[in-house]
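Engineer:
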Amino acid sequence: MEPAHSLPYDGARPHEFTLPQKLDVFATLATVWAPHLSPSEFVLVAWLLGNCIPRGKRSGVYSIPQLVDGVPNHREGGMWTAGTGLSEKTVRRTVASCLDKGIIHTARRRAAARSSPGGRPRHRSAR
Numbered sequence: 067m068e069p070a071h072s073l074p075y076d077g078a079r080p081h082e083f084t085l086p087q088k089l090d091v092f093a094t095l096a097t098v099w100a101p102h103l104s105p106s107e108f109v110l111v112a113w114l115l116g117n118c119i120p121r122g123k124r125s126g127v128y129s130i131p132q133l134v135d136g137v138p139n140h141r142e143g144g145m146w147t148a149g150t151g152l153s154e155k156t157v158r159r160t161v162a163s164c165l166d167k168g169i170i171h172t173a174r175r176r177a178a179a180r181s182s183p184g185g186r187p188r189h190r191s192a193r
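Numbering-wise, my numbering puts 182 at position 116 of the sequence shown, and it's gapless, one number per residue.
Next up, the structure:
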């Protein structure tokens with residue numbers, strides 16, 4: 067299976083990115099991808115990369131509210147990271163646009179406990 071990012075899957079475990087690899091990801095975003103992205107797409111992709119790559123992860127699961135408002139730190143209070151600064155409407159539109167372009171992949175949560183009363187999932191997670 068081909069990963070969504072340009073790095074080949076080499077069996078590396080999380081936190082095995084070297085500093086030059088981490089820097090290369092952001093340099094590629096800024097120099098290669100940026101001309102092909104709208105401003106909101108750039109913000110979303112930069113936010114996703116900024117919350118995955120520095121932690122050594124190749125992907126992450128984030129809900130729409132987390133993309134908008136940030137990721138709360140439930141153990142210690144406060145926030146792990148701030149949101150994108152985009153409105154919910156813009157985040158939803160931008161996620162759809164990035165999906166259409168094949169930049170990100172999403173998965174809907176299927177657990178009944180996390181569903182809205184109508185049976186549909188409340189959140190769409192961006193990866």
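The beta carbon of each residue, even a glycine, is placed where N, CA and C say it ideally should be.
1) Evaluate contact between the stretch 86-94 and the stretch 113-120, counting only Cβ atoms and requiring at least three cross-stretch pairs below 8 angstroms.
2) Which runs of the alpha helix (DSSP H) fall wholly inside the stretch 92-161 and span at least 4 residues, in chain order?
3) Where L152 and S106 are concerned, what is the direct C-alpha to C-alpha distance, given to the nearest angstrom?
4) What do you get for T97, buried or exposed, if any count of 16 or more other CB atoms within 10 angstroms of its CB means buried?
5) Compare the beta carbon distance of W146 and V137 with 7 angstroms and say whether it is the shorter of the two.
6) Mark V161 as exposed unless 16 or more other C-beta atoms lie within 10 angstroms of its C-beta, in which case mark it buried.
Structural biologist: Reading it off the structure:
1) yes
2) 105-118 and 130-135
3) Sequence index remark: in the sequence shown, residue 152 carries index 86 (1-based). Sequence index remark: in the sequence shown, residue 106 carries index 40 (1-based). Each residue's Cα considered, the two are about 8 angstroms apart.
4) In the sequence shown, counting from the first residue as 1, residue 97 sits at position 31. The residue in question, T97, is exposed, as its Cβ has fewer than 16 Cβ neighbours within 10 Å.
5) Working through the sequence shown from its first residue, we reach residue 146 at position 80. Working through the sequence shown from its first residue, we reach residue 137 at position 71. Yes, Cβ-Cβ distance for W146 and V137 is below 7 angstroms.
6) What you label residue 161 is simply residue 95 of the sequence shown in a count that begins at 1. Buried, by the Cβ-count rule.
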